[in-house]
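Before any comments, here is the structure.
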Amino acid sequence: MRTAVVVGGGLGGLAVSGALARSGWQVTLLERADRIRPEPTAVVLWPNGVRALRALDLGAGLDAIATPLPDSGVRRPDGHWLVQPRQTPAERLPVVVHREDLHDALIAGLGDRVELRTGVTVRTVRAASGLRPAVGDGRHMFEADLVVAADGTDSVVRRQLAPEAGVVSSGCAAWRAVIPWYRAPSLPAGEPVVGEILGAGYRFVAASLGERGSSGASSRGGIYWMATAAGAPRPEPPETQLGLLRRWYAGWPAPVDELLAATDPADLVQQEIRELRPLPRAYGFPVGPGGVVLLGDAAHAMPPHLGQGACLAFEDAATLAALLRESRLPDAVVAYDRSRRPRAAAVVRQTRRMSAVLQTRGRLALRARDAALGTITPRLLGSAAAVAAQWRPPS
Ligand SMILES: Cc1cc2nc3c(=O)[nH]c(=O)nc-3n(C[C@H](O)[C@H](O)[C@H](O)COP(=O)(O)OP(=O)(O)OC[C@H]3O[C@@H](n4cnc5c(N)ncnc54)[C@H](O)[C@@H]3O)c2cc1C
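Residue numbers for the sequence shown, in the working numbering: 574 to 968.
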């Protein structure tokens, strides 16, 4: 039986572990945390991410937890429309999913061929010719035909195999929360819960996950919001951070004030936004009779402006699983590299264009941006939708 070691039990690692196990591989999943713990936030999945999950046979699980998002346009903080909502066909629109629901669905897909080992921090990788690839935690070596590095932005495996890829700050921080459905504020009739608002270096997006079980039978429900602001994360405690957010976003269109007021500081997740620059020179490394691949944020961490990080991780997993069904190792590792690098580079290019627009500050630059946004944003958002539409799972 073919064996794989997957490093990292995030969305990417869970998705690929289940996919390999369902194809008959014996999988060992190594996670440094003492248990697999999702963030208490939500994730937007564009059609490419949804297609990838369906290709991984996780469609039914997804349908039970996903809430479709309408096209809600983009507004300025003064309420003026930068991009009006449009009639977009449902198949081009994203869905929003509570991350805890998604983790449950991915864990349910692991089956009994995945040996999950928590509390194991991988520190070394062996990629010597003639030997099977392996990773070690300082006490044990875990050897397999295939090693999948899904260990996130600070990937230890990537640092050793592709040290040229650097982790840099994207120049902004993000705050997110899900307000549980039973604490969701009642909004004035006709106020959209969903939508995106763009200000000078500030952005706020919100999406309704509905009531518990309302969209999909197993969904937790609630209202998800994410705020990004140029600059570094704040050192203050969550209560003070929430106070700052209320000040920064004061006077923005409803429901921004209402959502910030209804957020419990304990539910606030703050994060510095970081990315890989440059990207690794390779995503696949043939080693002896097998190989090592980079997957998810370990391969292409990027700012969340297009909501594509997890979608790409699922694309990676679906592509790898399909290639491993078609070809033998290490050919599949080479084919994975050829297929995934151009795709990730294209999405990262679009994301960087979006970063440049979103982080515009200064009065003149802002005026120019606002004058141009009416045309730039539909084009940019169009290309984001195109990025999402482009990808098809390998047959
Ligand atoms: C603010 C924000 C909003 C986002 N919104 C979206 C969105 O709406 N849509 C979207 O598609 N994407 C979004 N993303 C991106 C998405 O969250 C990530 O791309 C995705 O979660 C990456 O998953 P991963 O499994 O590759 O990495 P991670 O989730 O980072 O998982 C890595 C795992 O590896 C473990 N690990 C790390 N090092 C080791 C080690 N040495 N040994 C063992 N285990 C290790 C970690 O503990 C972790 O469990 C967003 C990101 C941010 C920051």
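Cβ atoms here follow ideal geometry from the backbone N, Cα and C, with glycine treated the same way. Predicted model, so just to flag it, every value in this text is computed and none were measured.
Worksheet item: What are the partner residues of Ala847, as DSSP defines its beta bridges?
Response: In the sequence shown, residue 847 corresponds to position 274, counting from 1. The residue you asked about is not Ala; residue 847 is Arg in the sequence shown. According to DSSP, Arg847 bridges with Ser742.
Worksheet item: Does the beta-carbon of Trp598 have 16 or more other beta-carbons within 10 angstroms, so that it is buried, or is it exposed?
Response: Sequence index remark: in the sequence shown, residue 598 carries index 25 (1-based). The residue in question, Trp598, is buried, as its Cβ has 16 or more Cβ neighbours within 10 Å.
Worksheet item: Helix, strand or coil for Leu841 per DSSP?
Response: Here residue 841 is taken as the residue at index 268 of the sequence shown, counted from 1. Three-state result, Leu841: coil.
Fill in: Sufficient close CB pairs (3 or more, under 8 Å) joining the region 574-584 to the region 712-725
yes
Practice prompt. Indicate the three-state DSSP secondary structure (helix, strand or coil) for Ile752 in the structure shown.
Written response: Taking the first residue of the sequence shown as position 1, residue 752 is located at position 179. Three-state result, Ile752: strand.
Worksheet item: Is the region 836-844 touching the region 809-816 in the sense that three or more CB pairs, one from each, lie closer than 8 Å?
Response: yes
Practice prompt. Report yes if the CB atom of Ala780 is closer than 8 Å to the CB atom of Tyr755, and no otherwise.
Written response: As a position in the sequence shown, residue 780 is number 207, starting the count at 1. As a position in the sequence shown, residue 755 is number 182, starting the count at 1. With a cutoff of 8 Å on beta-carbon distance, Ala780 and Tyr755 are scored as not near each other.
Discussion item. I'd like to check one pair, Glu888 with Arg922: are the Cβ atoms closer than 8 Å?
Written reply: On the sequence shown, position 349 is the one that residue 922 refers to. On the sequence shown, position 315 is the one that residue 888 refers to. The answer is no: Cβ separation not under 8 Å.
Item to complete: Would you check if the distance between the CB atom of Ala958 and the CB atom of Arg665 is smaller than 8 Å?
Response: As a working mapping, residue 958 is identified with position 385 in the sequence shown. As a working mapping, residue 665 is identified with position 92 in the sequence shown. It is a contact, given that the beta carbons lie within the stated cut-off.
Worksheet item: Mind pulling the beta strand (DSSP E) runs of 3 or more residues that sit fully within the region 658-701?
Response: With a minimum length of 3 residues, the continuous beta strand (DSSP E) runs that stay inside the region 658-701 are 668-671, 687-691 and 697-699.
Worksheet item: Under the criterion of a Cβ to heavy atom distance below 7 Å, does Val670 qualify as lining ligand 1?
Response: Within the sequence shown, numbered from 1, the residue matching residue 670 stands at position 97. Val670: no, Cβ never under 7 Å from ligand 1.
Worksheet item: Relative to the alpha-carbon of Ala594, which residue among Gly786, Glu809, Asp630 and Phe858 has its alpha-carbon at the smallest distance?
Response: Numbered from 1 along the sequence shown, position 21 holds the residue referred to as residue 594. Ala594 has its Cα closest to that of Asp630, out of Gly786, Glu809, Asp630 and Phe858.
Fill in: Residues of its chain near Val668, where Cβ-Cβ distance is below 7 Å and the 5 sequence neighbours each way are ignored
The count along the sequence shown starts at 1 and reaches residue 668 at position 95. Counting only Cβ-Cβ distances below 7 Å, and skipping sequence neighbours, we find Leu618, Val623, Ala639, Thr640, Pro641 and Leu642.
Fill in: Cβ-based burial, Asp651 [other Cβ within 10 Å; buried from 16]
If you number the sequence shown from 1, residue 651 lands on position 78. Sixteen is the threshold: since fewer than 16 other Cβ atoms of the shown chains lie within 10 Å of the Cβ of Asp651, the residue is exposed.
Fill in: Three-state class that DSSP yields for Ser781 in the structure shown
Taking the sequence shown and counting its residues from 1, the one referred to as residue 781 is at position 208. It is a strand residue.
Item to complete: Could you tell me which residues DSSP puts in a beta bridge with Glu716?
Response: Residue numbering aside, residue 716 sits at position 143 when the sequence shown is read from its first letter. Glu716 pairs with Ala707.
Worksheet item: Is it the case that the CB of Gly581 approaches a heavy atom of ligand 1 more closely than 7 Å?
Response: Looking up residue 581 in the sequence shown gives position 8. Yes, Cβ of Gly581 sits closer than 7 Å to a heavy atom of ligand 1.
Worksheet item: Roughly how many whole angstroms lie between the Cα atoms of Asp727 and Pro761?
Response: In the sequence shown, residue 727 corresponds to position 154, counting from 1. In the sequence shown, residue 761 corresponds to position 188, counting from 1. Going from the Cα of Asp727 to the Cα of Pro761 covers about 43 Å.
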